[in-house]
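Data first, discussion second: the structure below is written as structure tokens.
Residue numbers (UniProt numbering), protein chains in the order written: chain A, 1 to 436; chain B, 1 to 175; chain C, 1 to 315.
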């Protein structure tokens, strides 16, 4: 049995055609009907779909600083299990990834884990404080080759700081990924502001606080002709502003999280902080607008905002609890449930929104190649006809804060190949590249 | 299920109890009847009416809820609290006749004595029951009994009254 | 019924049965009887993570009149002020064998967390959580209203109530809106627009910014406490302007119906939301609210604890 030749037989590709895929020495060797190769390990995949390896543009890996919640290794495991071949490690670690030292450390940890690519995101401002620019050039020129910069968790709210950042990154072909949250309108905010927050007595996080920043920043990026990415859009109004901006030719991209495609703010009635996330779960009308925007391409990508938290920061009062939810291991199933099974999107659109487009935004050259012959063999296999039940105690992540515990979801991921070697196969993580 | 007492039986029994209470308590203006809700309270009103006719003056009558003093609260779903109304004369120094429908374990009467003790110190406390079915679990006996009904502990004895149930009868269920 | 977390958990029948129970208890306790043996052997913990002397004392008096053992566990000087988590506190209370926990907490939903978390088995009674609810206060308010304005009916059908002041931050207002409308009363909220929550338009109430036009039309004027610190949060310019529009002054008292009553959950800011003369006037039932509080809380403890079926067979 070969460890460098794999023949995937009988699956459907994202474009709905049927073809066999031969992987040789880490690359896609050929994609066509009825390939035979006596030397290859043959994997029968009748009924399954092969997609390019998923690329997450928004992941919290918590290392350095909070290795009790997640590490680069445990997050890589969760990613491989979820069909990802690339993650983007957000900068809000401790210390903050606002210099070359931290991003290179995270990058190397990703290489050591070897389950997928870990691309560090650099902070826009020093210490995420929103005041002075971080060492953007040093991070861009480091071995991590950072192209995406974000203060995620905090909004770059000062318009002058945002303008300077947008201008400065042009030298590096960078992009600012903005966490759109007007801070003064969201002091102490706990959940979506609306009827349910009024009844529960939890401080409201109004949609306008997101939309105001999106509106400001699309105008700014148009003015300075740079590149802007909006993290986790959650509101119908936000979708509308981005639609308007794109129609004007403004260079903006946007992401939506799987949880915002499915869950709504009435879950807060349980006061269970597993449903506490920032930006918060919104109303059903927002969910429908987000789905529509994603199908249309107004929202370019799905990004998980995978945010692991230890038990004690969730087993407490709502207002004391941390914001955030796990996402990597459930992302594709949620997208299938909300977008594919509803007829809103095809699998080839899923491949675009979860692989090609995020790789393009992040400038991840070996990712999102959509099974092109000769490209790095980063792909994953899902059986869309099978269902599974989410069990928080069976997560590869170190944390347990999935809002989907107990949900029955469609789409069982059976294989993930990273650079031509299986990282996840039939329920088992293969950390030494298929040799374990 | 069988009828142990018919409407005329109940009427005769209450009349007899009324006479007996008056015979045992010569100072009829010192008597206060206190029925134990729900059916005991209605029996008390009937007995008071009969006694008032015999004595030629109003007999004081009220009701005493014993729910808060029960010793079996934890064993059952919560019960609604029933009204308590003590006649204006109060209970201090008076001859109080407690009136209950069916005397069984005696625990209701123990609770009634506790409840009464919280209100005042009567001269005497006596007990009248329409039916005594036996199986006492406490050293309590009735002074006035309408009818002794030998039963087995598994049977249940039910009193129906026209005021609540539309008919006067005592039923025995089970065996 | 095992817990009292929110008025929204109560049916109309359950709410009325608590009020009726309180009515009977009031009759018993108005006389010589100060103590009933009903909850003898039960342990009730007053867990007050936020200071509130009056509510704690009221629950304590209610529990003691029913002969329960009461343990007070207050913020100051307890492990709560040393950063102990709600979970660890709950596990401690469970280990101590608490039959019920009366909880006052600064975080909305903390009582519900306690009740649904499996950390402890006893009943949980919400004695005010954050800006969410204060159900026992609403029950005593409804009890007081029924006593004064009721026309013999068990509910509050046709009674008109104005709730005036800081609705946004008021747990008393939230519980009262739910309970009074459940019982058939019609409720008008009167507040500066800054102190009404977004979403209030979906509540089963009428909204007004004009106190003077509403005053003559209601049977009950319920004033809410205004926190002084709201001024620095830009909710209104200053105390004088607040009083001018939303304070219950002597002039406004004269506009009231002849039989209408004035209520306030306390503690009052005399001179801010209510004039001292109004608070002390014959229309005011504010002191009676306090007395009714003990009776209604006795009824709540009785309904939740007296017939606890969980204990059956456990011995």
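A virtual CB, placed ideally from N, CA and C, is assigned to each residue, including glycine.
Burial is judged here by how many other beta carbons sit within 10 angstroms of a residue's own beta carbon; residue 52/A has at least 16 and is buried.
The closest CA to that of residue 221/C, considering only 253/C, 127/C, 244/C, 119/C, is found on 253/C. Closer than 7 Å to the CB of residue 204/C there is not a single CB belonging to chain A. Residue 9/A: member of the beta strand (DSSP E) spanning 5-9, first to last residue.
Residue 123/B counts as exposed, since fewer than 16 other C-beta atoms from the protein chains shown sit within 10 angstroms of its C-beta. Nearest neighbour of residue 232/A by Cα position, chosen from 226/A, 224/A, 242/A, turns out to be 242/A. Taking residue 15/C as reference, the option from 194/C, 247/C, 176/C, 117/C with the minimal CA-CA separation is 176/C.
Counting only residues of its own chain and dropping the five nearest sequence neighbours on each side, residue 419/A has a CB closer than 6 Å to the CB of 26, 376. Distances from the alpha-carbon of residue 15/B to those of 3/B, 55/B, 89/B put 55/B closest. In chain order, 255 place their CB closer than 6 Å to the CB of residue 216/C, counting only its own chain and leaving out the 5 sequence neighbours on each side. The C-alpha of residue 3/B lies about 19 Å from the C-alpha of residue 100/B. At a Cβ-Cβ threshold of 7 Å, residue 173/B and residue 1/B count as neighbours. Those residues of the stretch 316-328 of chain A placed with their C-beta closer than 7 Å to a C-beta in chain C are 316, 317, 318, 319, 320, ordered along the chain. In this model, residue 98/A and residue 112/A are separated by some 22 Å (Cα to Cα). Each residue's CA atom was taken as its position, placing residue 103/B and residue 130/B some 8 Å apart. Under the 10 Å beta carbon count, residue 125/A is surrounded by 16 or more other beta carbons and is classified as buried. Inside the stretch 82-109 of chain A, DSSP marks whole beta strand (DSSP E) runs of 3 or more residues at positions 84-89, from first to last along the chain. In terms of beta-carbon proximity, residue 37/C lines the interface with chain B, with at least one pair separated by less than 7 Å. For residue 343/A, no beta strand (DSSP E) encloses it, and the DSSP letter there is neither H nor E.
Listed along the chain, the chain B residues whose CB falls inside 7 Å of the CB of residue 100/C amount to none; the nearest CB is some 13 Å away.
Taking a beta-carbon distance threshold of 7 Å, residue 193/A counts as an interface residue toward chain C. Remark: C-beta atoms of residue 230/A and residue 214/A approach each other more closely than 7 Å. Beta-bridge annotation (DSSP): residue 389/A is paired with 408/A. Cβ neighbours of residue 38/C within its own chain (closer than 8 Å, five residues either side excluded): 66, 67, 302, 306. Residue pairing from DSSP leaves residue 77/B without any beta-bridge partner. Sixteen is the threshold: when 16 or more other Cβ atoms of the shown chains lie within 10 Å of the Cβ of residue 36/C, as they do, the residue is buried. By the C-beta criterion, the stretch 55-65 of chain A is judged not to be in contact with the stretch 379-388 of chain A, since fewer than 3 inter-stretch pairs fall below 8 Å.
Residues of the stretch 9-30 of chain C with a Cβ closer than 8 Å to any Cβ of chain B, in chain order: 17, 20, 21, 24, 25, 27, 28. In the DSSP assignment, residue 40/B falls within the alpha helix (DSSP H) that extends over 39-55.
Beyond the five residues adjoining it in sequence on each side, residue 212/C comes within less than 8 Å, by CB distance, of 252, 255 in the same chain, given in chain order. Residue 129/A carries a coil assignment under DSSP once its states are collapsed to helix, strand and coil.
The beta carbon of residue 284/A sits closer than 6 Å to those of 264, all from its chain and outside the five residues before and after it, given in chain order. Looking only at 120/C, 265/C, 94/C, 104/C, the smallest Cα-Cα distance to residue 164/C is reached by 265/C. According to DSSP, residue 205/A shares a beta bridge with 192/A. Using a CB distance below 8 Å, the part of the stretch 172-199 of chain C facing chain A consists of 174, 197, 198, 199, ordered along the chain. At least one CB of chain C lies nearer than 7 Å to the CB of residue 78/B.
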